[in-house]
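Below is one structure, written out as structure tokens; comments come after it.
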Amino acid sequence: MSQEVDQKKLGSQKNAALFTLYHAQGAEIIAAEKLEAAGKQAVFQATVRKQAVNSSNMANNQLASTTQASQYIRQSVTNAAVCAANVKVAANSILRLAGDIGNIFSILMAADQDSALYKSAEYIRDLINDTAYSAETASHTAMEASMYTSEVASATLLDQSKNTNGLVNNLLKSCSADFDATSQAAAAASRELDTAVVNRGLVEGNLQDIAVDLDAAQSVYRTMNERLNLDLNVDNPGETSFTVHFAPIVNAFEDRNMPLPVVQDYYIIVVKNSKKFTFSMATAAAILEEEESKRHILKIDISIPQGTCSQMVKFKEQVLKDADGDEICYGQPYVVFLLAAYTQAYKMALNDFSNYLSAPSNTFVLTILWPKVQITVKSAFVTTKKDKEQTGSIYALRFHIKQNPLCDCLPEYRCILLPATTGLSKPGFVFDLAIAQQVAPGNYTVAAYMDTKDMDDHYIAYIGGETTDNFGSPLTDQAEYYVLVLTTSSPTVENTAGFTDTLSDLGVHSKFQYQISDRS
864 MSQEVDQKKL
874 GSQKNAALFT
884 LYHAQGAEII
894 AAEKLEAAGK
904 QAVFQATVRK
914 QAVNSSNMAN
924 NQLASTTQAS
934 QYIRQSVTNA
944 AVCAANVKVA
954 ANSILRLAGD
964 IGNIFSILMA
974 ADQDSALYKS
984 AEYIRDLIND
994 TAYSAETASH
1004 TAMEASMYTS
1014 EVASATLLDQ
1024 SKNTNGLVNN
1034 LLKSCSADFD
1044 ATSQAAAAAS
1054 RELDTAVVNR
1064 GLVEGNLQDI
1074 AVDLDAAQSV
1084 YRTMNERLNL
1094 DLNVDNPGET
1104 SFTVHFAPIV
1114 NAFEDRNMPL
1124 PVVQDYYIIV
1134 VKNSKKFTFS
1144 MATAAAILEE
1154 EESKRHILKI
1164 DISIPQGTCS
1174 QMVKFKEQVL
1184 KDADGDEICY
1194 GQPYVVFLLA
1204 AYTQAYKMAL
1214 NDFSNYLSAP
1224 SNTFVLTILW
1234 PKVQITVKSA
1244 FVTTKKDKEQ
1254 TGSIYALRFH
1264 IKQNPLCDCL
1274 PEYRCILLPA
1284 TTGLSKPGFV
1294 FDLAIAQQVA
1304 PGNYTVAAYM
1314 DTKDMDDHYI
1324 AYIGGETTDN
1334 FGSPLTDQAE
1344 YYVLVLTTSS
1354 PTVENTAGFT
1364 DTLSDLGVHS
1374 KFQYQISDRS
């Protein structure tokens, strides 16, 4: 009993350590994905920040140029106004001079037109008139120059440049803050990954330690069972039979040259596991004394050779009952006792007229095996336009299955997606049937039954944007995943202990690349 308790305890510890390792490896994978995503985001933010720095430098240079231009334009407006005023004064003076010369020319023209003085005055008059016209033109040009210079919106341009510079600098601050936050996130993700790697190593070490202890306990149990209990054990408990193995009892008087027949008959008695510690020789003897037709006992009709004996018990071909007279059923834990009825001669030689009753065998449970799904992604992923329009999914996983004729109910098919590790033919973490049974409900997709006219049952599961992998992480575009299907008892199954779950095979044929882009 102590050995069995130790094995159960260590077995539970090993399962717990295995689940812990699974979650530790999941945490490591998620941390690695976070680090990769943070690294990509950091590169992107660095590019954005570099562009923001360049834009800020340009905005600063623009502001400096605009400030200087505004100062020069204000000075130019003043200078142009002064210049226009001075040109106007000069033009007025020239006009007055031209008037005076005109008056002089008029006097000379009236007094003496043929004189040399008249001709000189006429020549001077023409020159001063041209000069006056040029002075008027220059004054008009100076006024226009002053007007156009004053129309330059240097103040507005300076205000807009200041606003632009402020916005660009604020953008730089925001981009720098985002870059710093992303860098810190990448550093935190790196630290998280380091912690996850260390934790996974510790968990692996703990699992190995427990596995060694369990192997040692199982070795001790096998040795004690072999030497003290005729190596009695039950294996291959299936849907219709189980096999009992034991070593025949050896003649205790062989070394005294007393070749006596030892055992007249061997009997197998099936006992409920809950009653194995109360089942005794008296109970076995009472069963043996009943009428043969009423005995809840199985006689082994074989000649006992030297060595281990095996007896296959086909409980579906005959009505086999346990020691309580109850029919053997699925899902009930049982043990087997071996009853050896000594020959009368051997009893007399022993001077003991009791028979031999073994200790209980290992516990076994008879179950019905749920059908195992075979997944080939190339043929399973057939997505139609109707599927996508009605469900919004990207993929439709279809498969068909032959149901077990022993089952009177339908199972549940859970489609689980495992992230594939690049370069490996299997996931980079432990995953087996026991772990598949513990995957959270939100991390798998239950396939729906399709009503077809085919003899096989057809099922379909839709995979889309809301689907997650076995760790609960959203599916990543262009990433590869393995598709596994766990066949387990549905909520409508009452005797769940009477069924054994199955998990589809993991291999290259069950791997696919998830793509968010539209698929025809």
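Residue numbers (my numbering): 864 to 1383.
Cβ atoms here follow ideal geometry from the backbone N, Cα and C, with glycine treated the same way.
Backbone secondary structure at residue i - three-state DSSP
{"i": "residue 1193", "result": "coil"}
{"i": "residue 1209", "result": "helix"}
{"i": "residue 1301", "result": "coil"}
{"i": "residue 1348", "result": "strand"}
{"i": "residue 808", "result": "Nothing can be reported for residue 808, as the shown portion of the chain is limited to 864 through 1383."}
{"i": "residue 1277", "result": "strand"}
{"i": "residue 1139", "result": "coil"}
{"i": "residue 1372", "result": "helix"}
{"i": "residue 967", "result": "helix"}
{"i": "residue 1183", "result": "coil"}
{"i": "residue 896", "result": "helix"}
{"i": "residue 1269", "result": "coil"}
{"i": "residue 1320", "result": "strand"}
{"i": "residue 1294", "result": "coil"}
{"i": "residue 891", "result": "helix"}
Beta-carbon proximity of residue i to residue j, cut-off 8 Å
{"i": "residue 1302", "j": "residue 1100", "result": "no"}
{"i": "residue 1199", "j": "residue 1133", "result": "yes"}
{"i": "residue 937", "j": "residue 965", "result": "no"}
{"i": "residue 866", "j": "residue 1147", "result": "no"}
{"i": "residue 1358", "j": "residue 1193", "result": "yes"}
{"i": "residue 1077", "j": "residue 874", "result": "yes"}
{"i": "residue 1154", "j": "residue 884", "result": "no"}
{"i": "residue 1108", "j": "residue 1053", "result": "no"}
{"i": "residue 1218", "j": "residue 1208", "result": "no"}
{"i": "residue 1280", "j": "residue 1344", "result": "yes"}
Cα-Cα separation between residue i and residue j, rounded to whole angstroms
{"i": "residue 944", "j": "residue 1006", "result": "7 Å"}
{"i": "residue 1293", "j": "residue 1032", "result": "51 Å"}
{"i": "residue 921", "j": "residue 1011", "result": "29 Å"}
{"i": "residue 975", "j": "residue 958", "result": "25 Å"}
{"i": "residue 1382", "j": "residue 898", "result": "Since pLDDT at residue 1382 reaches only 47, below the 50 mark, its modelled position is unreliable, and no value is offered."}
{"i": "residue 1019", "j": "residue 926", "result": "12 Å"}
{"i": "residue 1333", "j": "residue 893", "result": "11 Å"}
{"i": "residue 1329", "j": "residue 1376", "result": "16 Å"}
{"i": "residue 1024", "j": "residue 930", "result": "9 Å"}
{"i": "residue 1098", "j": "residue 1275", "result": "28 Å"}
{"i": "residue 1116", "j": "residue 1212", "result": "9 Å"}
{"i": "residue 1062", "j": "residue 1055", "result": "10 Å"}
{"i": "residue 1042", "j": "residue 895", "result": "20 Å"}
{"i": "residue 1075", "j": "residue 870", "result": "12 Å"}
{"i": "residue 1337", "j": "residue 1331", "result": "4 Å"}
{"i": "residue 956", "j": "residue 935", "result": "31 Å"}
{"i": "residue 1040", "j": "residue 887", "result": "33 Å"}
Start and end residues, beta strand (DSSP E) containing residue i
{"i": "residue 1135", "result": "1126 to 1135"}
{"i": "residue 1106", "result": "1105 to 1109"}
{"i": "residue 997", "result": "Run containing residue 997: none in the beta strand (DSSP E); it sits in the alpha helix (DSSP H), 979 to 1014."}
{"i": "residue 1307", "result": "Premise fails: residue 1307 is in no beta strand (DSSP E) and is neither H nor E."}
{"i": "residue 1158", "result": "Premise fails: residue 1158 is in no beta strand (DSSP E) and is neither H nor E."}
{"i": "residue 1260", "result": "1258 to 1264"}
Delimiting residues of the alpha helix (DSSP H) encompassing residue i
{"i": "residue 1096", "result": "Looking at the DSSP string, residue 1096 is not in any alpha helix (DSSP H); the run it does join, the beta strand (DSSP E), is 1096 to 1098."}
{"i": "residue 1060", "result": "1017 to 1091"}
{"i": "residue 1148", "result": "1144 to 1152"}
Close-in-space but distant-in-sequence residues of the same chain around residue i (CB under 8 Å, 5 per side omitted)
{"i": "residue 1237", "result": "1262, 1367, 1368"}
Beta-carbon proximity list for residue i, same chain, < 6 Å, skipping 5 on both sides
{"i": "residue 1149", "result": "none"}
{"i": "residue 950", "result": "1001, 1002, 1005"}
{"i": "residue 1161", "result": "1131"}
Cβ neighbours of residue i in the same chain (closer than 7 Å, five flanking residues each side left out)
{"i": "residue 1278", "result": "1260, 1307, 1308, 1310, 1324, 1346, 1348"}
{"i": "residue 984", "result": "967, 968, 971"}
{"i": "residue 1083", "result": "866"}
{"i": "residue 1221", "result": "1092, 1093, 1095, 1200, 1201"}
{"i": "residue 1102", "result": "1231, 1232, 1269"}
{"i": "residue 1299", "result": "1279, 1347, 1349, 1366"}
Below-8 Å beta-carbon distance, residue i vs any chain D residue
{"i": "residue 919", "result": "Absent from the structure is chain D; it holds one protein chain and no more."}
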